[in-house]
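Trainee: Structure below; questions to follow.
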Amino acid sequence: MGIQKVMVIGAGQMGSGIAQVFAMSGYEVLYTI
Numbered sequence: 000m001g002i003q004k005v006m007v008i009g010a011g012q013m014g015s016g017i018a019q020v021f022a023m024s025g026y027e028v029l030y031t032i
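Under numbering that gives the first Met the number 0, the first residue of the sequence shown carries the number 0, and numbering increases by one thereafter.
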């Protein structure tokens, strides 16, 4: 069982970039501001 969901806390420039990369790779992403 691998990673299925990713949560990024803090959606500044770096956080939103990390979330975008995971989302584009097919992961379900939840991030907070």
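A virtual CB, placed ideally from N, CA and C, is assigned to each residue, including glycine.
Model, not experiment: these values are computed from the prediction.
1) According to DSSP, which residues form a beta bridge with residue 8?
2) In three-state DSSP terms, what is residue 34?
3) Between the C-alpha atoms of residue 2 and residue 32, what's the straight-line distance to the nearest angstrom?
4) From residue 4 to residue 27, what distance separates their C-alpha atoms?
5) What is the rounded straight-line gap between the Cα of residue 7 and the Cα of residue 15?
Mentor: In this structure, then:
1) Taking the sequence shown and counting its residues from 1, one reaches residue 8 at position 9. Bridge pairing for residue 8: 31 [DSSP].
2) In the structure displayed, the chain extends from 0 to 32; residue 34 sits before or after that span and is not available.
3) By 1-based counting over the sequence shown, the position of residue 2 is 3. By 1-based counting over the sequence shown, the position of residue 32 is 33. Straight-line Cα distance between these residues: approximately 22 Å.
4) To locate residue 4, count along the sequence shown from 1; it is residue 5. To locate residue 27, count along the sequence shown from 1; it is residue 28. Going from the Cα of residue 4 to the Cα of residue 27 covers about 5 Å.
5) Residue mapping note: residue 7 aligns to position 8 of the sequence shown, counting from 1. Residue mapping note: residue 15 aligns to position 16 of the sequence shown, counting from 1. Taking the straight line from one Cα to the other gives about 8 Å.
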